[in-house]
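To convert a position in the sequence shown, counted from 1, into my numbering, add 5. Heads up, the beta-carbon is just placed ideally off N, CA and C, and yes, glycines get one too. Structure first, then comments.
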Amino acid sequence: MATKKAKKKSPAKSKAKSKAKSKAKAKPKAKAKSKAKAKPKKAKAKTKRKPNAAFMKPMNIGAMLQPIVGSKPLPRTEVTKRLWAYIKKNKLQDAKNRRNINADDNLKSVFGGKKTVSMFEMTKLVSKHLS
């Protein structure tokens, strides 16, 4: 009987062959399709804000408000600035709640006789004296 002898493979050769086979079997990775890139938005040139004409329009000052801010026509913004300057000069802000204004004799007539007014209500009451 003729027997076939099994050939033993050397470990170095088998490793080299297995690496070669794994490289051959490995499929190349599919390239990811790149999505169409959105066009970059163009940066808008910054423009300066135009002043609001309604705020810049000179207003006539009422008789009760004249001792505080003056008698000549002023824009609403300037009236508010001068009113705050008067309040700070005479220390009329409430010590505990700085949002409240304690009216003196001149401001009581402007505020309709109220002793204390919030700063938000103040602008509403002052606008009644502007025309």
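1) Looking at Asn-107 and Lys-93, is the spacing between their C-beta atoms short of 8 Å?
2) Return the residue from the list Ala-58, Ile-66, Ala-59 that minimises the CA-CA distance to Ser-136.
3) Could you give the distance in angstroms between the alpha-carbon of Asp-99 and the alpha-carbon of Pro-78?
4) Which residue or residues does DSSP assign as beta-bridge partners of Met-124?
5) List the whole-angstrom C-beta distance separating Asn-111 from Pro-72, where the pair is believed to meet the contact cut-off of C-beta under 8 Å.
6) Take Lys-133 and list the residues in its own chain whose beta-carbon comes closer than 7 Å to its own, dropping the five residues that flank it on each side.
7) Counting only runs of 4+ residues fully inside the region 50-131, write out the alpha helix (DSSP H) ranges in chain order.
A quick look at the data gives this:
1) Position 88 of the sequence shown, counted from the first residue, corresponds to residue 93. Position 102 of the sequence shown, counted from the first residue, corresponds to residue 107. With contacts defined as CB atoms closer than 8 Å, Lys-93 and Asn-107 fail to qualify as a contacting pair.
2) Here residue 136 refers to the residue found at position 131 of the sequence shown. Nearest of Ala-58, Ile-66, Ala-59 to Ser-136, Cα basis: Ile-66.
3) Along the sequence shown, read from residue 1 onward, the residue named residue 99 stands at position 94. Along the sequence shown, read from residue 1 onward, the residue named residue 78 stands at position 73. So the two alpha carbons sit approximately 30 Å from each other.
4) Here residue 124 is taken as the residue at index 119 of the sequence shown, counted from 1. Per DSSP, none; premise fails for Met-124.
5) Here residue 111 refers to the residue found at position 106 when the sequence shown is read from its first residue. Here residue 72 refers to the residue found at position 67 when the sequence shown is read from its first residue. That belief holds up - the Cβ atoms of Asn-111 and Pro-72 are roughly 5 Å apart, short of 8 Å.
6) The count along the sequence shown starts at 1 and reaches residue 133 at position 128. Excluding positions up to five away in sequence, the list is empty.
7) Runs of the alpha helix (DSSP H) inside the region 50-131: 58-61, 71-74, 81-94, 110-115.
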